[in-house]
Amino acid sequence: MYRKSIMTGWLLFFAASSCGAIASAEHPMHEPHVHGIAVLNIVLEKNEVHLTLESPAMNLLGFEHAPVTDEQKAVFRITQQTLTEATGLFTFPGANCQLQSSDIQMLEKQTHSDHDDHGHASEHADIHANYRFNCSQIQQLNDITTHLFAVFPGIQQIKAQWITSRSQGMKTLTPATNSLTIK
356 MYRKSIMTGW
366 LLFFAASSCG
376 AIASAEHPMH
386 EPHVHGIAVL
396 NIVLEKNEVH
406 LTLESPAMNL
416 LGFEHAPVTD
426 EQKAVFRITQ
436 QTLTEATGLF
446 TFPGANCQLQ
456 SSDIQMLEKQ
466 THSDHDDHGH
476 ASEHADIHAN
486 YRFNCSQIQQ
496 LNDITTHLFA
506 VFPGIQQIKA
516 QWITSRSQGM
526 KTLTPATNSL
536 TIK
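So the sequence shown is numbered by this note's numbering: it starts at 356 and just counts up by one.
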């Protein structure tokens with residue numbers, strides 16, 4: 356439980372710092388819902404890598420509503436399975452990391468009053484994925500590469516933030532620069 360509260364604290368820190376300021380309780384701030392952009396938070400703790408991915412559903416599914424057609428239902432199932440298994444989404448060179456757990460929330464609704472009206476309702480859906488990897492050679496981990504761009508072409512940019520016992524940083528990832536150095 357203590358470990359979970361530490362992780363929650365770091366993730367809340369990331370969320371607050373990505374907004375530029377801590378919001379008041381009356382007017383909470385949210386990361387803007389921007390199609391094409393995802394957010395990836397990374398925490399290294401002991402021999403574990405914790406990843407949190409947040410993305411508009413449009414980036415991963417191609418739609419932001421409950422699946423209606425057979426094609427949408429198939430895309431939804433495949434996307435959920437791909438995110439849950441996490442096979443091929445991330446590589447941790449030299450660290451020998453294995454997925455221990457994943458928690459995926461599909462189509463979480465979000466309302467915005469502070470974004471441009473771009474021709475659709477003010478309600479949007481996001482996908483949140485939380486991962487915990489156990490790494491037997493964590494001391495060898497210098498870089499993390501994401502293959503999300505290849506798997507989900509709707510993602511054009513990932514705003515990545517990380518924190519380790521030795522460093523912290525931010526980097527915008529693109530299909531051409533999909534790796535970050537964490538040490």
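Don't be surprised by glycine CBs; every beta carbon is placed ideally from N, CA and C.
Query	Result
Three-state secondary structure assigned by DSSP to Val430	helix
Cβ shell of Gly524 (< 7 angstroms), same chain only, five flanking positions each side left out	Trp517
Cβ contact (3+ pairs, closer than 8 angstroms) linking the segment 404-419 and the segment 505-515	yes
Residues bridged to Met461 [DSSP beta-bridge criterion]	Answer is none; Met461 lacks a bridge partner.
Counted within 10 angstroms of its Cβ, other Cβ atoms place His479 as buried (16 or more) or exposed	buried
Nonlocal neighbours in the same chain, by C-beta distance under 8 angstroms from Thr437, ignoring five residues either side	Leu444 and Val506
Three-way DSSP call (helix, strand, coil) for Leu454 in this model	strand
For Ala412, the nearest candidate out of Gln435, Pro530 and Thr532 (CA to CA)	Gln435
Reduced DSSP category for Asn485 - H, G, I as helix; E, B as strand; rest coil	strand
Closest residue to Val404 among Asp498, Leu528, Ile513 and Pro530 (Cα-Cα distance)	Asp498
Buried/exposed call for Asp481, threshold 16 Cβ in 10 Å	buried
Nearest candidate by alpha-carbon position, reference Ser491, set Ala393, Glu463, Leu399 and Lys526	Leu399
Phe431 beta carbon less than 7 angstroms from that of Leu454	no
Option nearest Gln494 by Cα separation, candidates Pro448, Ser534, Ile459 and Glu463	Pro448
Ile513 vs Leu528 beta-carbon contact at 7 angstroms	yes
In chain order, each alpha helix (DSSP H) run of at least 4 residues that lies wholly inside the segment 382-425	412-416
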